[in-house]
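Visitor: Sharing a structure with you now.
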Amino acid sequence: MTLEQTKKFTEQDENTLQYYNQNATKFIENTKSVEFHSVQDKFLSCLSAGSYILDFGCGSGRDSKYFLEKGYRVDAVDGSEEICKITREYVKIEVKKMLFSELSFVNKYEGIWACSSILHLSKDELQDVLYKMMRALKKEGYIYTSFKYGEYEGYREERYYTDFTENSFAAFIKDFSEIKIVEYWISKDVRPGRSEEKWLNLILQKSDIV
């Protein structure tokens with residue numbers, strides 16, 4: 000990676016974080032009450048009761064709160080300091096400020112929930128972060144993640160996005176022998192007025208060969 004590329008990626012991260020820091024209250028109000036139980040429960044069905052979950056890019060804390068209420072142990076992290084401040088009050092647990100690239104845990108979690116979060120990484124950044132996510136999972140642990148459906152990579156509404164289809168994501172992870180796609184499905188955006196937007200939802204598993 001060249002210095003120019005590194006600078007580019009840093010600017011992407013900073014611009015996206017700046018958006019969330021400046022719009023934290025509005026973003027949280029627009030997302031914390033969205034009904035998402037069918038997806039949350041699908042993910043939880045992969046895990047044993049009381050499993051340890053990392054909410055990776057927790058945003059409003061909606062999902063952390065649900066998992067805690069269901070009896071799971073949860074670590075919640077987000078890259079936006081302003082979102083962390085507000086979400087701590089809502090979820091009533093510590094919400095750690097952490098960039099995706101700073102994930103360094105090893106064999107700690109049974110599940111990682113990365114809902115509409117790692118989609119803000121460039122493909123180069125995402126490769127490294129997926130490796131770190133797999134390293135943070137225990138053997139045969141699970142990940143839920145989601146991306147906007149399509150082939151676009153670049154800025155949209157002041158934030159950086161990497162979109163995937165089921166085929167482009169499968170091609171993207173073909174060299175990751177430790178990642179298995181357990182299930183994928185395409186859904187409509189559940190937020191009011193955005194039902195025409197499509198999402199790629201994925202449940203991934205850490206292979207037992209790792």
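In terms of numbering that gives the first Met the number 0, the sequence shown opens at residue 0 and continues consecutively.
A virtual CB, placed ideally from N, CA and C, is assigned to each residue, including glycine.
DSSP has A113 in a bridge; who is on the other side?
Guide: Mapped onto the sequence shown, residue 113 falls at position 114. In DSSP, A113 forms a bridge with T144.
Visitor: Decide if D123 is buried, meaning its Cβ has at least 16 other Cβ atoms within 10 Å, or exposed.
Guide: Position 124 of the sequence shown, counting from 1, holds the residue named residue 123. Counting Cβ neighbours within 10 Å, D123 comes out exposed, since fewer than 16 surround it.
Visitor: Return the first residue and the last residue of the beta strand (DSSP E) that V105 is part of.
Guide: The count along the sequence shown starts at 1 and reaches residue 105 at position 106. Element bounds for V105: n/a, residue is neither H nor E.
Visitor: Please specify which runs of the alpha helix (DSSP H), each continuous and at least 4 residues long, are wholly inside the region 6-44, giving them in chain order.
Guide: 23-30, 36-43
Visitor: Between the alpha carbons of E94 and S116, how many angstroms are there, rounded?
Guide: What you label residue 94 is simply residue 95 of the sequence shown in a count that begins at 1. What you label residue 116 is simply residue 117 of the sequence shown in a count that begins at 1. Residue 94 is actually Val in this sequence, not Glu. Looking at the two C-alpha atoms, the distance is approximately 15 Å.
Visitor: Which word fits N29, buried or exposed, when buried means at least 16 other C-beta atoms lie within 10 angstroms of its C-beta?
Guide: For the purposes of this step, residue 29 is identified with residue 30 of the sequence shown, where counting begins at 1. Its Cβ having fewer than 16 others within 10 Å, N29 is exposed.
Visitor: Could you tell me whether the Cβ atoms of F212 and I92 are closer together than 7 Å?
Guide: In this structure the chain extends from 0 to 209, so residue 212 is not present and cannot be described.
Visitor: Output the distance between the C-alpha atoms of K84 and K31, rounded to the nearest integer angstrom.
Guide: On the sequence shown, position 85 is the one that residue 84 refers to. On the sequence shown, position 32 is the one that residue 31 refers to. Going from the Cα of K84 to the Cα of K31 covers about 15 Å.
Visitor: Which first and last residues belong to the alpha helix (DSSP H) in which L125 is found?
Guide: On the sequence shown, position 126 is the one that residue 125 refers to. Its alpha helix (DSSP H) spans residues 122-135.
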